[in-house]
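Oh and the sequence shown: position 120 is 542 in my numbering, straight run, nothing missing. A virtual CB, placed ideally from N, CA and C, is assigned to each residue, including glycine. Being a predicted model, the structure only gives us computed values, none of them experimental. Notes follow the structure.
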Amino acid sequence: MTCRCTVQRVLAGLTGLFFAGFQPQAAAASPMQSWLGLPEWVDFDVDYTAQPMAGLLGGLNPAATSWIQATVLNLTLSTGIEKAAQDWSEFDHWQLNLELSHYAGNQTFANELGAEFALQELSYPDGTWISESSIRRNRGTSWWSAEVGLISLNPDFLVTPATNNYINSSFNNTLNLLIEGLPIDPFVAPGVRFSVHTTALGDASYGYFNLGKETNIAASLGVNPEQPDLRGSVQVAQWSMNPLPARTDLLEPIEIGSSNSHVARQLPPPAVQLGGLLANTQLLTENASDIGDGVNRVAYASITWPMDLPIGQDNRVWIAGALGLDSANNPIPSFAEAGWLSQGPVPHRPLDVLALGISRSSFSPTLMPQQSFEGVIELNYAIWISQHVQLQPLMQWILNPSGRGSVPGIWATGLQLNLNL
């Protein structure tokens, strides 16, 4: 009840700011850094995200509602935190990362509406998760980076940065790969990642994950991960680059009109990404063949491109997709998504972002023979209050819910509240 009241007060207090315009403030240290008086080699922050949603029309139960929230505690130790990357010694590149995530709320919202995929990205089993424990070498201005420890596939693999602007899980869930056992955040597995960078050819990365302890790690702090024990491994290779290196303006702050004032660029730079994943899993449960295990090979790609449009200060269009080569083992063997982002579409609101996206997920003819596809259209508007508070109202339309053709299309609404402390 406390969280609901807090959101209502925030909404009431922000209405005047939204219509009167917002003057962006200079970046500042996180409140936690100031409150705790931490030394320069310690970075500690707390992120709180809430995603209340409600059905409007269609589906099995249009009156269904849901409140999901997540609190993430992040601790980083490194001597390079307060130094410019060009001034780093080798020791400054290295850092220790620890992260705990706590999820709470109604995880059955999609089921109540009759949708196959969660309408909220935070839809994970309640409880506290160890969502990272690793040693990482940041690349800085050098040519390589690496990481080892308990890590997830994302954000280093299978992630199109543009999709972080959306709420529906089909957008914001590692290309909607639902192969059982993949270590997608908050799931982690013992793994290693190595990446190399060249100015001409971009970045190439390789990751290996051992899945034998994944379920035990997820349950270590009392969570029921709702996933059977398994054995196996996942390997992934990925290449990405900026296809427009001459457009250095797309990496710089945005100049507003002729006032010589600048605001931060919220949208991701141009990017092309190609990758492949190889999973070999053995689910230790009697119905493993009905869930999908064994070998799974997936190819994926994405592109993010700038557009000059008569709306907003900056615009991007993007498209991404994944194709599974083993449809008998992969619940979602094909997935495609695309969208448009516009920064500053409303006058005097240069940091806000308007987002429109569409996705289509096709079901396995072997594992889910009665289901064809489910589609999602999402429209949202991110209101930038400050670097510590953002509010994102949204609308979603679920096409062919559950893929069976028997559930009416779903209209749902909601918002996302982010507090970065």
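Asked, Found
"Neighbour-count burial assignment, residue 759, 16 or more Cβ in a 10 Å radius", "buried"
"Nonlocal neighbours in the same chain, by C-beta distance under 6 Å from residue 747, ignoring five residues either side", "719"
"Straight-line gap, residue 790 to residue 728 (C-alpha atoms, nearest Å)", "38 Å"
"Best match in 546, 764, 557 for proximity to residue 730 [C-alpha to C-alpha]", "764"
"In chain order, each beta strand (DSSP E) run of at least 3 residues that lies wholly inside the stretch 659-723", "676-678, 683-685, 693-705"
"contact_flag[the stretch 572-583, the stretch 672-683] where n(CB pairs < 8 Å) is 3 or more", "no"
"Option nearest residue 522 by Cα separation, candidates 552, 540, 535", "552"
"Best match in 624, 478, 603 for proximity to residue 566 [C-alpha to C-alpha]", "624"
"Backbone secondary structure at residue 474 - three-state DSSP", "strand"
"Cut-off 7 Å between Cβ atoms - residues of its own chain near residue 571, not counting five sequence neighbours on either side", "555, 556, 557"
"Per-residue burial, residue 827 [other beta carbons within 10 Å of its own, 16 or more giving buried]", "exposed"
"Residue 488 in three-state terms, based on DSSP", "strand"
"Beta-carbon separation (whole angstroms), residue 824 vs residue 796, contact threshold 8 Å", "7 Å"
"Short Cβ contact (9 Å threshold) for residue 829 with residue 482", "yes"
"Same chain, Cβ closer than 7 Å to residue 837, five either side skipped, listed in chain order", "474, 813, 814, 815, 816"
"Collapsed DSSP secondary structure at residue 841 in the structure displayed", "strand"
"Segment limits, alpha helix (DSSP H) that includes residue 522", "Segment 516-527 is the beta strand (DSSP E) holding residue 522; no alpha helix (DSSP H) there."
"Nonlocal neighbours in the same chain, by C-beta distance under 7 Å from residue 768, ignoring five residues either side", "774"
"Extent of the continuous beta strand (DSSP E) to which residue 553 belongs", "549-559"
"Span of the alpha helix (DSSP H) around residue 757", "Premise fails: residue 757 lies in the beta strand (DSSP E), 756-765, not in any alpha helix (DSSP H)."
"Residue from 453, 809, 736 with nearest C-alpha to residue 677", "736"
"Whole runs of the alpha helix (DSSP H) within the stretch 580-626, excluding any shorter than 4 residues", "none"
"Residue range of the unbroken alpha helix (DSSP H) whose run includes residue 638", "636-640"
"Residue 564 to residue 599 span [Cα, whole Å]", "32 Å"
"Counterpart residues of residue 813 in DSSP-defined beta bridges", "805, 839"
"Cβ separation of residue 703 and residue 633, assumed to be a contact under 8 Å, to the nearest whole Å", "6 Å"
"Alpha carbon of residue 646 to alpha carbon of residue 710, nearest angstrom", "19 Å"
"Opening and closing residue of the beta strand (DSSP E) in which residue 776 lies", "775-784"
"Close beta carbons around residue 614, own chain, < 6 Å, minus the five adjacent residues each side", "570, 630"
"Beta-carbon spacing of residue 530, residue 592 below 9 Å", "no"
"Boundaries of the beta strand (DSSP E) in which residue 745 is found, first to last residue", "736-746"
"CB-CB length for residue 832 against residue 480, believed under 8 Å", "5 Å"
"Three-pair Cβ contact test at 8 Å for the stretch 687-694 versus the stretch 665-673", "yes"
"Of the residues 794, 515, 533, the one placed nearest residue 476, counting alpha carbons only", "533"
"When 843, 819, 756 are compared against residue 834, the one with the closest alpha-carbon", "819"
"Residue closest to residue 665, alpha-carbon to alpha-carbon, out of 724, 745, 508", "724"
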